[in-house]
Amino acid sequence: MSTLHVVSHSPFTDSRLDSCLRVCGNQDAILLCGDGAYGLHTCALQTRGVKVFVLAEDLQARNLPLPDWAERVDYPGFVQLSITYDKVNSWL
146 MSTLHVVSHS
156 PFTDSRLDSC
166 LRVCGNQDAI
176 LLCGDGAYGL
186 HTCALQTRGV
196 KVFVLAEDLQ
206 ARNLPLPDWA
216 ERVDYPGFVQ
226 LSITYDKVNS
236 WL
């Protein structure tokens, strides 16, 4: 069963992204939103091989570059991801 993990907290002030990565399976994906977009700057995401999405609005608001291993999505794309994956887990 695939899960979309939604992370909205900065990995520099919080350990939720690390906790998320510990439970991610090979069919799972991570959506970074809010301050979670700063997670694009962590090595852990690159080396895990997990599909990574970032909300375009939050990427732009923080003026972050999009790495080639991540994919930008808008709000309709977020909705589509939540339909595509079997479960959605928000790391609140």
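When you line the sequence shown up against our numbering, it's residues 146 to 237, in that order.
Using N, Cα and C, we set each Cβ at its ideal position, and we do this for glycine too.
Bear in mind that the values here come from a model prediction, so they are computed numbers and not experimental data.
Would the beta-carbon of residue 209 fall within 9 Å of that of residue 185? As a position in the sequence shown, residue 209 is number 64, starting the count at 1. As a position in the sequence shown, residue 185 is number 40, starting the count at 1. Yes, the Cβ-Cβ distance between residue 209 and residue 185 is below 9 Å.
Assign residue 235 to one of three DSSP states: helix, strand, or coil. Residue numbering aside, residue 235 sits at position 90 when the sequence shown is read from its first letter. Three-state DSSP puts residue 235 in a strand.
Selected residue, minimal CA-CA separation from residue 200, among 183, 161 and 171: Taking the sequence shown and counting its residues from 1, the one referred to as residue 200 is at position 55. Among 183, 161 and 171, the Cα nearest to that of residue 200 is on 183.
At the level of alpha carbons, what is the spacing between residue 177 and residue 160? Within the sequence shown, numbered from 1, the residue matching residue 177 stands at position 32. Within the sequence shown, numbered from 1, the residue matching residue 160 stands at position 15. Cα to Cα, residue 177 sits roughly 14 Å from residue 160.
When you compare each of 168, 180, 173 and 218 to residue 156 by their alpha carbons, which one comes out closest? Position 11 of the sequence shown holds residue 156. In terms of CA proximity to residue 156, 180 leads the group 168, 180, 173 and 218.
In terms of alpha-carbon separation, which member of 152, 167, 195 and 164 lies closest to residue 173? Locating residue 173 in the sequence shown gives position 28, counting from the first residue. Taking residue 173 as reference, the option from 152, 167, 195 and 164 with the minimal CA-CA separation is 195.
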